[in-house]
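Below is one structure; the comments refer to it alone.
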Amino acid sequence: MNKNKSQIIHNLVSIVPFVFLFFIILDTNISMGAADGYKIKIQINGIADTVCYLANYYGDKTYLTDTAYVDKKGRFVFEGDSVLPGGIYIVAGQNNNRYFELIIDKEQQFAITTDLSDITGKMKFDRSFDNTLFFDYINNNITNRKKIASLKKSKEEFVDMPDSMNNINRQIQDINNNLEKYQTDIIENNPESFVSVLLKAMKDPEVINIPVLENGREDSVYAYQYYKQHFWDNFDLTDDRLLRTPLFNKRIKRYFTSVIFQHPDTITKEADIFIDKTRDNKEVFKYSVWYLTYKFETSKIMGFDEIFVHMVDNYYAKGEAYWADSSVVKSLSERADALRPILIGKTAPELILIDTAGSFVSLHHTPAKYMVVFFYEVDCGHCKKENKALKSWYDNNDIGFEVFAVCTDTSLVKWKKFINKNDMNWVNVNGTRSITPDYHDLYDIRVTPTLFLLDDKKNIIAKRLKTEQLIPFLENYNKNKQPEE
36 MNKNKSQIIH NLVSIVPFVF LFFIILDTNI SMGAADGYKI KIQINGIADT
86 VCYLANYYGD KTYLTDTAYV DKKGRFVFEG DSVLPGGIYI VAGQNNNRYF
136 ELIIDKEQQF AITTDLSDIT GKMKFDRSFD NTLFFDYINN NITNRKKIAS
186 LKKSKEEFVD MPDSMNNINR QIQDINNNLE KYQTDIIENN PESFVSVLLK
236 AMKDPEVINI PVLENGREDS VYAYQYYKQH FWDNFDLTDD RLLRTPLFNK
286 RIKRYFTSVI FQHPDTITKE ADIFIDKTRD NKEVFKYSVW YLTYKFETSK
336 IMGFDEIFVH MVDNYYAKGE AYWADSSVVK SLSERADALR PILIGKTAPE
386 LILIDTAGSF VSLHHTPAKY MVVFFYEVDC GHCKKENKAL KSWYDNNDIG
436 FEVFAVCTDT SLVKWKKFIN KNDMNWVNVN GTRSITPDYH DLYDIRVTPT
486 LFLLDDKKNI IAKRLKTEQL IPFLENYNKN KQPEE
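Written out as structure tokens, the structure is:
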């Protein structure tokens with residue numbers, strides 16, 4: 036494959052390097068074929084592509100499944116000896132053109148004809164009940180959404196005519212009710228169809244019979260709890276076909292980002308509850324564990340590394356991640372072990388480093404109501420900017436915090452000049468001269484500047500924030516801190 040073609044494919048469906056490509060030479064005289072494997076004959080009148088691609092969803096990614104050459108009449112065939120896993124697939128052309136999506140499930144020997152002028156509207160299927168049902172649903176939606184858009188636009192003419200406005204609103208509501216009924220009828224009348232699984236999975240729980248409080252308002256806490264508890268009712272977590280649609284990733288992302296309370300303890304508890312629901316399907320279980328582990332390993336939200344550590348400890352280290360080899364488990368466990376001592380709430384690791392006089396200074400024995408541990412490099416531009424902001428805050432605050440500034444440079448001369456030049460009148464130590472283990476390992480220092488905020492007991496209360504973020508955080512924390520009895 037030449038470089039240009041490879042780039043087209045990569046841009047089109049975000050292909051990973053190890054995905055196997057099938058190249059199909061078109062033979063228009065071949066019948067629909069044997070029952071084994073798949074054979075999808077497609078004709079798109081009016082397309083100029085010479086090559087088309089079949090791609091599948093998996094989570095939030097798309098992967099190339101097959102490639103076919105297109106003849107001058109817009110005909111091409113995707114064909115293979117193995118049955119394709121069920122899900123939603125994408126038919127795409129060159130130049131990043133995604134023509135349409137289709138369902139591939141039990142029916143894997145079928146034909147499609149359509150026209151470039153109206154791909155969805157002119158879509159016809161031979162031997163594919165699921166796709167006929169799917170596109171009937173899509174076209175019905177398109178038709179009725181256009182009606183709603185037209186009615187909404189007409190409301191502009193009747194702003195001062197309440198009766199007319201009410202009539203339009205009733206028409207819109209009737210259309211929405213009909214759309215809902217159409218969807219419900221498909222689900223009830225076609226229980227064995229993957230289309231029904233998809234449409235049901237799109238449904239949010241309907242919160243009904245909400246109690247009314249004494250003040251006359253609906254109980255929003257009840258409504259939220261009901262919605263959260265029933266969020267997955269319509270989503271079949273035993274069906275791995277949903278992994279190969281856009282629905283699964285969007286829903287799990289929404290649940291763990293927007294639905295549940297964003298606190299590590301809550302998320303950890305909900306992660307375990309959710310994963311337990313997926314255990315009846317190994318593929319869904321695998322993806323769910325992987326997704327949540329990766330999500331919180333890479334999260335930029337302070338404190339969410341605690342969730343990552345929990346995932347590693349409870350699923351990888353305990354042997355539940357059957358897909359992960361020993362090297363993956365080892366790597367994840369080492370990462371969790373590096374983060375474990377510096378989780379929010381943990382006592383900050385001791386640092387005993389030399390000061391400018393050559394004497395050893397202990398972090399734990401440096402008294403302070405609050406302590407900012409500041410790791411920096413002398414020649415780092417971002418460090419200089421952070422140092423300036425921290426110095427300004429230090430000189431003008433009334434909270435009473437101390438700074439334990441750890442320089443990572445080996446040159447003591449450069450370090451001392453930097454201190455004098457910037458009037459750093461706080462605790463200054465050099466990280467390269469220590470009694471305690473390497474600060475890189477103790478505090479997981481991969482970049483500078485890095486700041487940790489400790490309380491008077493040297494417990495970590497914030498980390499990896501910039502000074503501009505630390506200021507409001509500490510002011511709010513100090514204000515809300517309960518006095519000790």
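Residues 36 to 520 in my numbering are what the sequence shown spells out, letter by letter.
Think of the CB as a built atom: it goes at the ideal place given N, C-alpha and C, for glycine as much as any other residue.
Remember, predicted model here, so these are calculated numbers, not experimental data.
Identify the continuous beta strand (DSSP E) that holds residue i and give its terminal residues.
{"i": "aspartate 161", "result": "159-161"}
{"i": "valine 230", "result": "Not the beta strand (DSSP E): valine 230 falls in the alpha helix (DSSP H), residues 229-236."}
{"i": "asparagine 463", "result": "462-469"}
{"i": "aspartate 101", "result": "96-104"}
{"i": "methionine 406", "result": "405-411"}
{"i": "leucine 388", "result": "387-390"}
{"i": "glutamate 114", "result": "110-115"}
{"i": "serine 368", "result": "Segment 361-374 is the alpha helix (DSSP H) holding serine 368; no beta strand (DSSP E) there."}
{"i": "valine 438", "result": "436-442"}
{"i": "phenylalanine 135", "result": "133-139"}
{"i": "asparagine 80", "result": "73-80"}
{"i": "lysine 498", "result": "495-498"}
{"i": "phenylalanine 193", "result": "Per DSSP, phenylalanine 193 belongs to no beta strand (DSSP E) and is neither H nor E."}
Do residue i and residue j have their C-beta atoms closer together than 8 Å?
{"i": "valine 441", "j": "valine 408", "result": "yes"}
{"i": "leucine 425", "j": "threonine 333", "result": "no"}
{"i": "isoleucine 177", "j": "threonine 155", "result": "yes"}
{"i": "arginine 276", "j": "glycine 121", "result": "yes"}
{"i": "isoleucine 147", "j": "isoleucine 82", "result": "no"}
{"i": "methionine 406", "j": "glutamate 437", "result": "yes"}
{"i": "threonine 328", "j": "valine 319", "result": "no"}
{"i": "aspartate 165", "j": "phenylalanine 229", "result": "yes"}
{"i": "phenylalanine 291", "j": "lysine 263", "result": "no"}
{"i": "arginine 468", "j": "leucine 388", "result": "yes"}
{"i": "isoleucine 123", "j": "alanine 90", "result": "no"}
{"i": "tyrosine 379", "j": "isoleucine 221", "result": "In the sequence as displayed, the identity of residue 379 is isoleucine instead of tyrosine. Result no, Cβ atoms of isoleucine 379 and isoleucine 221 do not sit closer than 8 Å."}
{"i": "aspartate 444", "j": "valine 464", "result": "no"}
{"i": "threonine 382", "j": "lysine 493", "result": "yes"}
Among the candidates the options, whose CA atom is the shortest distance from the CA of residue i?
{"i": "isoleucine 240", "options": "Asp268, Asp254 and Glu253", "result": "Before going on, a small fix: residue 240 reads as proline here, not isoleucine. Ranking the options by Cα distance to proline 240, first place goes to Asp268."}
{"i": "lysine 187", "options": "Gly122, Asn175 and Asn201", "result": "Asn201"}
{"i": "isoleucine 392", "options": "Glu249, Lys451 and Val344", "result": "Checking the sequence, you will find alanine at residue 392 rather than isoleucine. Ranking Glu249, Lys451 and Val344 by Cα distance to alanine 392 puts Lys451 first."}
{"i": "tyrosine 92", "options": "Lys190, Asn515, Arg279 and Ser446", "result": "Arg279"}
{"i": "lysine 377", "options": "Glu341, Asp390 and Lys330", "result": "Note that residue 377 corresponds to isoleucine in the displayed sequence, not to lysine. Of Glu341, Asp390 and Lys330, the residue nearest in Cα terms is Glu341."}
{"i": "glutamine 260", "options": "Glu305, Tyr134 and Lys182", "result": "Glu305"}
{"i": "serine 293", "options": "Phe266, Ile387, Gly338 and Ile138", "result": "Phe266"}
{"i": "valine 118", "options": "Phe160, Trp325, Phe229 and Tyr73", "result": "Tyr73"}
{"i": "threonine 301", "options": "Phe283, Gly338 and Val324", "result": "Gly338"}
{"i": "phenylalanine 487", "options": "Gln297, Leu386 and Lys181", "result": "Leu386"}
{"i": "proline 281", "options": "Ile506, Gly94 and Gly435", "result": "Gly94"}
{"i": "asparagine 511", "options": "Asp414, Ile434 and Val464", "result": "Ile434"}
{"i": "isoleucine 75", "options": "Lys107, Asp106, Val86 and Gly115", "result": "Gly115"}
{"i": "valine 482", "options": "Glu223, Lys516, Tyr322 and His417", "result": "His417"}
{"i": "valine 347", "options": "Asp315, Thr303, Lys317 and Thr382", "result": "Thr303"}
Can you give me the start and stop residues for the alpha helix (DSSP H) that residue i sits inside?
{"i": "lysine 263", "result": "255-264"}
{"i": "leucine 186", "result": "164-189"}
{"i": "cysteine 87", "result": "Looking at the DSSP string, cysteine 87 is not in any alpha helix (DSSP H); the run it does join, the beta strand (DSSP E), is 86-93."}
{"i": "serine 427", "result": "416-431"}
{"i": "phenylalanine 270", "result": "No alpha helix (DSSP H) holds phenylalanine 270; DSSP gives it neither H nor E."}
{"i": "leucine 214", "result": "197-224"}
{"i": "lysine 514", "result": "502-515"}
{"i": "valine 126", "result": "Per DSSP, valine 126 belongs to no alpha helix (DSSP H); it is in the beta strand (DSSP E), 122-127."}
{"i": "leucine 477", "result": "474-477"}
{"i": "isoleucine 454", "result": "447-456"}
Just checking: is the beta-carbon of residue i within a distance shorter than 8 Å of some beta-carbon in chain C?
{"i": "lysine 501", "result": "Judged by its chain identifiers, the structure shown contains no chain C, having just a single protein chain."}
Do three or more CB pairs link the region 447-456 to the region 363-374 at distances below 8 Å?
Short answer: they don't touch.
Is the region 164-180 touching the region 96-107 in the sense that three or more CB pairs, one from each, lie closer than 8 Å?
At 8 Å Cβ cutoff, the stretches do not touch.
Taking contact to mean 3 or more Cβ pairs, one atom from each stretch, closer than 8 Å, check whether the region 135-142 and the region 202-222 are in contact.
Taking 8 Å as the limit for Cβ pairs, the verdict is that the region 202-222 does not touch the region 135-142.
Sequence ranges, alpha helix (DSSP H) only - wholly within the region 278-341, length at least 4:
Runs of the alpha helix (DSSP H) inside the region 278-341: 281-289, 299-312 and 317-332.
Three or more C-beta pairs closer than 8 Å, one from the region 472-490 and one from the region 344-363: is that the case here?
Touching, no.
Should the region 209-218 be called in touch with the region 242-251, which here means at least 3 C-beta pairs below 8 Å?
In short, these stretches do not touch, since the Cβ pair count stays below three.
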